[in-house]
Structures are given as C-alpha cells and as structure tokens.
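As structure tokens, the structure follows; a few thoughts come after it.
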Amino acid sequence: MLSQATHRLRAITHGLYPVAIDAAGLFGSIQSLTNGMRTLTGCEISLDCGGPEPVLDEETLLHIYRIVQEATANAIKHSQGSAIDISLLCDRANLRLTISDNGRGIVRSNRRRVRQGIGMATMKARASAIGAKLSVTSPRSGGVRVRLQLPLKA
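In my numbering, the protein residues as written are 4 to 157.
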C-alpha cells in the first residue's frame, strides 16, 4: 500500500514538474511524455522528431512540453479519434511542432466555447511567453491540428 502511494505521489509530482526535462532535453522529454500517455490511455500516439535538437532554456522547454501535454490530452478526451500524430521538426531557424488527431474535429456549435476555454488560453499564453506563434485549426476533413512555430535564436 505504501509503494502504491509512493508511485502515485511520484506521478503527481512528475505532472507538476517533469524532472526528466532537464536531463532528457526536448526530444527525450516529449518521447517520455507520449510513451506515458500511450501507456495510460491505450491511444495510438506517434512521434516524429527531426533535425538537430535545439538548445533551449528551461522555461522554453517547459512551455513546449506543457503545450504538447495539453493538446494531446485534449485530443484524447475530446476528439473521439483513434490516433494522434506529433511532429517536432527543427532546423537552424525554427522549431515546428504539429499535433493532429483523426477525430471528429471541433464541432461548429462548440467552436466559440473551445476558443475561449482555459486549455486554449493557457496554450496561447505559453506560446506568447516564448515568442512562438500558435494556431489551432479543424479542417473539414476532420480532426484538429495544433501548430506551434518558434523562431530559434542564432
């Protein structure tokens, strides 16, 4: 019983501040996050990291991590889809993050509520705090696409 409580406490504190983010860097911490979410939910989550991993300060790493966490959790909870694709591509000038699902998309009658929700506001605030652009679209073909573009300092 004590080991179960310890395990739960570790999971909770990891959720508050992912310790691995410092040691694992951006790619490794996102990989760890998606592996954990896949294990907990059974949802099919694919991750493609490409290009040279950027050197980012701790605050920027945490904001990107939390955006991935929020967008992925939203897809799991709301999309009614079966798969989530995460693409994290970097070159010398930009970091490009795309999180997309194959679900029903944002239902027209809910768009205003979704855009004004706390999760969306938090993702936008996090993107703004690091100088990134964030867009959320729901194509007619279905699903939701969250895109983040962060210019990298030379």
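C-beta: ideal position from N, C-alpha, C; glycine also.
| Check | Outcome |
| --- | --- |
| Coil, strand or helix - residue 79 by DSSP | helix |
| Paired residues, beta bridge with residue 3 - DSSP | The structure shown does not extend to residue 3, since the chain is modelled only from 4 through 157, so no value can be given for it. |
| Nearest to residue 149 (by Cα), restricted to the options 62, 40 and 91 | 91 |
| Backbone CA spacing between residue 145 and residue 139 [nearest angstrom] | 13 angstroms |
| C-beta neighbour in chain D for residue 78, strict 8 angstroms | No chain D appears in the structure shown, which is made up of a single protein chain. |
| Whole-number beta carbon distance between residue 155 and residue 137, since they are thought to touch under 8 angstroms | The Cβ separation is near 16 angstroms, so there is no contact. |
| Residues near residue 84 in its chain [Cβ-Cβ closer than 6 angstroms; skip 5 each side] | 104, 105 and 106 |
| Residue 53 - DSSP class collapsed to helix/strand/coil | strand |
| Classification of residue 77 by the beta-carbon crowding that lies within 10 angstroms, buried from 16 upward | buried |
| Integer-rounded CB distance, given that residue 96 should sit under 8 angstroms from residue 47 | Not really, about 32 angstroms apart at Cβ, beyond 8 angstroms. |
| Beta-bridge pairing of residue 86 - partner residues as DSSP gives them | 47 |
| Helix, strand or coil at residue 104 according to DSSP, with G and I counted as helix | strand |
| Simplified DSSP state of residue 92, which is helix, strand or coil | strand |
| Neighbour-count burial assignment, residue 58, 16 or more Cβ in a 10 Å radius | exposed |
| For residue 109, three-class secondary structure by DSSP | coil |
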